[in-house]
Ligand SMILES: [Mg+2]
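Numbering (the working numbering), first residue to last: 985 to 1296.
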């Protein structure tokens, strides 16, 4: 099988453009703005967890798998600048799967749904060889609040929330989707482009650069490296940086803003979100290349064994 991204490219060509909603497929969520929805579009996204691919059932509590199944979708709706509304859950169940496990899975789903005041609007159950849980989540935003991947402009600063890398040590199950932060950004700052970091900073930054047809100068010393990444790297700075750049499932926000927007944000962010770090990791440049700096001096690109998490 080709890579996930190659398959998406083929599907983009196969599905007629007029069928793909307002912005076309390939962003963090689809946007539907026909008819009555013109001023207040609906957004739709879906994501799936599969036993053996995304988790090993005996090793993770069902509540945490349920929580994550919804949280990864919330993160995509956040990345668009939208507010989540309602979701449906499709479960694929092997014959021997217990009802108790499923109810505990739903405890995790519903606890998170309550926190964000969203509705569980139904779902479907089917027989499957491996357990899977697929959530589809609908959101809403004013038309001018929706932020796509393709709006980055030369001169923009790249901001990233939180700290990155090493999510495998636990954060990938317990992360807080950045709904409040993204809503603040989309309503009061209006970043030019935004994405949630699910495949690793480098790969997701690549998605913004490619969609916006721009390049970037990245400041290595400014990348926020998580404690988990340092632990995974056994304390070696270089290795920890690679974890921060390429480990998947951080579910932080990466966005680009003008210098004026950055100034405004620097004043307001600390007061609004005192516990969440905000880092400026580089600037958008014309051209298509990614350049690296350390303390403003040019450096070779970090050598990577992998450039991010791909599902296939
Ligand atoms: Mg995403």
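Glycine residues also receive a C-beta, built at the ideal position from the N, C-alpha and C atoms.
None of these values were measured; they are calculated from a predicted model.
(request) May I have the straight-line CA-CA distance separating residue 1258 from residue 1249, to the nearest angstrom? (result) Within the chain shown, numbered from 1, the residue matching residue 1258 stands at position 274. Within the chain shown, numbered from 1, the residue matching residue 1249 stands at position 265. Taking the straight line from one Cα to the other gives about 13 Å.
(message) Any residue with its Cβ nearer than 7 Å to a heavy atom of ligand 1 should be included. What is that list in chain order?
(response) 1012, 1059, 1060, 1063, 1179, 1180 and 1182
(request) Could you pull out every residue in the same chain whose Cβ sits closer than 6 Å to the Cβ of residue 1294, ignoring the five residues on either side in sequence? (result) In the chain shown, the residue the question calls residue 1294 occupies position 310. For residue 1294, the predicted model reports a pLDDT of 48, less than 50, meaning its position is unreliable; a value from the coordinates is still stated below. Hits under 6 Å: 987 and 988.
(message) Checking the sheet assignment: what are the DSSP bridge partners for residue 1281?
(response) As a first step, residue 1281 is located in the chain shown; it is residue number 297 there, counting from the start. Answer by DSSP bridge pairing, in chain order: 1278.
(message) Less than 7 Å between C-beta atoms, sequence neighbours within five positions excluded: which residues of the same chain meet that for residue 1168?
(response) On the chain shown, residue 1168 is found 184 positions in, with the first residue counted as 1. Excluding positions up to five away in sequence, the list reads 1256.
(request) My understanding is that residue 1035 touches residue 1091, with C-beta atoms under 8 Å, so please give their C-beta distance in whole angstroms. (result) In the chain shown, the residue the question calls residue 1035 occupies position 51. In the chain shown, the residue the question calls residue 1091 occupies position 107. Going by Cβ atoms, the distance from residue 1035 to residue 1091 rounds to 18 Å, so no, they are not a contact pair.
(request) Go ahead and label residue 1270 buried or exposed: buried means 16 or more other beta carbons lie within 10 angstroms of its beta carbon, across all protein chains shown. (result) As a position in the chain shown, residue 1270 is number 286, starting the count at 1. Residue environment for residue 1270: exposed (fewer than 16 other C-beta atoms within 10 angstroms of its C-beta).
(message) So, at 7 Å on beta carbons, what are the nonlocal neighbours of residue 1260 in its own chain, with the 5 sequence-adjacent residues on each side left out?
(response) If you number the chain shown from 1, residue 1260 lands on position 276. So the list reads 1145, 1146 and 1165, once near-sequence residues are dropped.
(message) Once the 5 residues before and after residue 1085 are set aside, which same chain residues still bring their CB inside 6 Å of it?
(response) What you label residue 1085 is simply residue 101 of the chain shown in a count that begins at 1. So the qualifying residues of the chain are 1046.
(message) Mapping the DSSP letters down to three states, classify residue 1208 as helix, strand or coil.
(response) Here residue 1208 refers to the residue found at position 224 of the chain shown. In the displayed model, residue 1208 falls within coil according to three-state DSSP, outside both helix and strand.
(request) Assign residue 1060 to one of three DSSP states: helix, strand, or coil. (result) Start at 1 with the first residue of the chain shown, and residue 1060 comes out as number 76. It is helical.
(request) Please work out which residues of its chain come closer than 7 Å, Cβ to Cβ, to residue 1241, disregarding the five sequence neighbours upstream and downstream, and give them in chain order. (result) Taking the first residue of the chain shown as position 1, residue 1241 is located at position 257. Around residue 1241: 1140, 1141, 1143, 1173, 1175, 1176 and 1249.
(request) Put residue 1295 into one of helix, strand or coil per three-state DSSP. (result) Along the chain shown, one-based indexing puts residue 1295 at 311. Because the pLDDT at residue 1295 is just 46, under 50, the model does not fix this residue reliably, and the value given afterwards should be weighed accordingly. Reduced to three states, the DSSP call for residue 1295 is coil.
(message) Just to confirm the assignment, what range does the beta strand (DSSP E) spanning residue 1180 have?
(response) The sequence position of residue 1180 within the chain shown is 196, counting from 1. Unbroken beta strand (DSSP E) run through residue 1180: 1177-1180.
(request) Could you round the C-beta distance between residue 1109 and residue 1015 to whole angstroms and report it? I think they count as a contact, below 8 Å. (result) In the chain shown, counting from the first residue as 1, residue 1109 sits at position 125. In the chain shown, counting from the first residue as 1, residue 1015 sits at position 31. Their Cβ separation, rounded to whole angstroms, is 29 Å, which puts residue 1109 and residue 1015 out of contact at 8 Å.
(message) Measuring only the C-alpha atoms, how far is residue 1158 from residue 1051?
(response) The residue given as residue 1158 occupies position 174 in the chain shown. The residue given as residue 1051 occupies position 67 in the chain shown. Roughly 8 Å between the two C-alpha positions.
(request) Please work out which residues of its chain come closer than 8 Å, Cβ to Cβ, to residue 1124, disregarding the five sequence neighbours upstream and downstream, and give them in chain order. (result) One-based indexing of the chain shown puts residue 1124 at position 140. So the list reads 1024, 1025, 1026, 1027, 1066, 1067 and 1069, once near-sequence residues are dropped.
(message) Using the Cβ count rule (16 or more neighbours within 10 Å means buried), how would you classify residue 1155?
(response) The residue given as residue 1155 occupies position 171 in the chain shown. It is buried - the Cβ of residue 1155 has at least 16 other Cβ atoms within 10 Å.
(request) With a 10 Å radius around its C-beta and 16 neighbouring C-beta atoms as the bar for buried, classify residue 1296 as buried or exposed. (result) Position 312 of the chain shown, counted from the start, is the residue given in the question as residue 1296. Note on residue 1296: pLDDT 43, under 50, position unreliable in the model; the coordinate value appears next. When all chains shown are included, residue 1296 counts as exposed.
(request) Determine, using beta carbons only, whether residue 1238 and residue 1163 come nearer to each other than 9 Å. (result) The count along the chain shown starts at 1 and reaches residue 1238 at position 254. The count along the chain shown starts at 1 and reaches residue 1163 at position 179. Their beta carbons are not under 9 Å apart, which means residue 1238 does not touch residue 1163 by this criterion.
(message) So, at 8 Å on beta carbons, what are the nonlocal neighbours of residue 1097 in its own chain, with the 5 sequence-adjacent residues on each side left out?
(response) Residue mapping note: residue 1097 aligns to position 113 of the chain shown, counting from 1. If we look at residue 1097 and ignore the five residues flanking it on each side, its Cβ neighbours are 1054, 1071, 1103 and 1104.
(request) Could you tell me the distance, in whole angstroms, from the CA atom of residue 1278 to the CA atom of residue 1233? (result) Position 294 of the chain shown, counted from the start, is the residue given in the question as residue 1278. Position 249 of the chain shown, counted from the start, is the residue given in the question as residue 1233. So the two alpha carbons sit approximately 25 Å from each other.
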